[in-house]
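Our numbering applies: residue 22 is where the sequence shown begins, and numbers increase by one. Even glycine gets a Cβ: it sits at the ideal position worked out from N, Cα and C. Okay, structure first, notes after.
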Amino acid sequence: MQRTIHGAVLRLVEGDITQQEVDAIVNAANSRLAGGGGVDGAVHRRGGPAIMEETRRKYPQGCPTGSAVITGAGALRARWVIHAVGPVYRDGQHGEPELLASAYRRSLELARDHQCRSVAFPSLSTGAYRYPLPEAARVALRTVIDFLGQRRGSLEEVRFVLFGREAYEQFARALEELLPETQA
Ligand code: APR
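See below:
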């Protein structure tokens, strides 16, 4: 499924973020940038030790929740890895939507500042951090749509790589609500 926003493509695919041939992939990191399971585990396993070495060297203080930092991509097909820190979901009343939107926005800014034409995101915070998928999908998509609408810069494609059919369907439903096909 895809939509075009001010000439840029917003695309939803089902798949594995580490396999994407894009300028930058986004990692679902933690604020210590310490590595972990899920996306983070896959990125460091497939990308090799260079990514963690660079992360430790450049960002010894870690990265606050709602923000992101960038490194090279080691052995991955992408050129960059953007390490984004989404919020741990509690009840939705502790600033989670704002922090999630901010993690996406900062990642998009970093991609643009590094002249990326394409960037691929996983669904941040919806695994170990337990953000409910339908709500996370709406926040994620709205943030990307706003960004592409306002200040696209170099970006020609923003891709969401959803892990499994269910995640894909949730994102597809949210995108259809936000940008119905007839208006796209
Ligand atoms: N490609 C795309 N999506 C994936 C992949 C993959 N290879 N592996 C998992 N996912 C999906 C999950 O199904 C989930 O919907 O990515 C989403 C995010 O899940 P997590 O990776 O658990 O990320 P998050 O919820 O943001 O939690 C971050 O988990 O691994 C630790 O170090 C990480 O502490 C941090 C926390």
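Three or more C-beta pairs below 8 Å linking the segment 22–34 and the segment 161–175: Yes: the two stretches touch, three or more of their Cβ pairs being nearer than 8 Å.
Note the first and the last residue of the continuous alpha helix (DSSP H) segment covering His104. No alpha helix (DSSP H) holds His104; the beta strand (DSSP E) holding it covers Trp101 to Ala105.
What is the DSSP secondary structure of Ala45, reduced to helix, strand or coil? DSSP places Ala45 in strand when its eight states are reduced to three.
Spatial distance of Arg186 from Ala132 (CA atoms): Near 27 Å, if we compare the C-alpha coordinates of Ala132 and Arg186.
Would you check if the distance between the CB atom of Ile103 and the CB atom of Asn48 is smaller than 8 Å? It is a contact, given that the beta carbons lie within the stated cut-off.
Give the DSSP-derived three-state secondary structure of Ser139 in the structure shown. Correct three-state label for Ser139: strand.
By Cβ distance, which residues of its chain are closer than 6 Å to Gly87, with the 5 residues on each side in sequence left out? Cβ contact annotation for Gly87 (same chain, cutoff 6 Å, sequence separation greater than five): Leu120, Ser123 and Ala124, in chain order.
Where do the ends of the beta strand (DSSP E) carrying Arg32 lie? If you look at Arg32, you'll find it in the beta strand (DSSP E) that goes Ala29 to Glu35.
For Gln114, which of helix, strand or coil comes out of DSSP? Correct three-state label for Gln114: coil.
Beta-carbon within less than 6 Å of Val179's beta-carbon, same chain only, minus the 5 sequence neighbours each way: which residues are those? Closer than 6 Å at Cβ, skipping near neighbours: Leu31, Val140 and Val165.
Beta-carbon contacts of Gly93 that lie in its chain and below 8 Å, excluding the five residues immediately before and after: Within the same chain, Cβ atoms closer than 8 Å to the Cβ of Gly93 are found at Ala71, Ile72, Glu75, Arg100, Trp101 and Val102, the five residues on either side in sequence being excluded.
Kindly list the residues whose CB is nearer than 6 Å to the CB of Leu200, restricted to its own chain and excluding five residues on each side of it in sequence; keep chain order. Short of 6 Å from the beta carbon of Leu200, and not among the five residues preceding or following it, lie these beta carbons of its own chain, in chain order: Arg24.
If we count the other Cβ atoms within 10 Å of its Cβ and call it buried at 16 or more, is Asp112 buried or exposed? Its Cβ having fewer than 16 others within 10 Å, Asp112 is exposed.
Nearest-angstrom Cα separation, counted from Ala63 out to Gly36: Rounded to the nearest angstrom, the two C-alpha atoms are 13 Å apart.
For Tyr152 and Gly58, the rounded distance between their alpha carbons: For Gly58 and Tyr152, the distance between alpha carbons rounds to 16 Å.
Work out the CA separation of Gly68 and Gly95 for me, nearest whole Å. When rounded, the distance between both Cα atoms is 5 Å.
According to DSSP, what are the bridge partners of Ala157? Under DSSP, Ala157 shares a beta bridge with no residue.
For Val109, which of helix, strand or coil comes out of DSSP? Val109 sits in coil when the DSSP states are folded into three classes, being neither helix nor strand.
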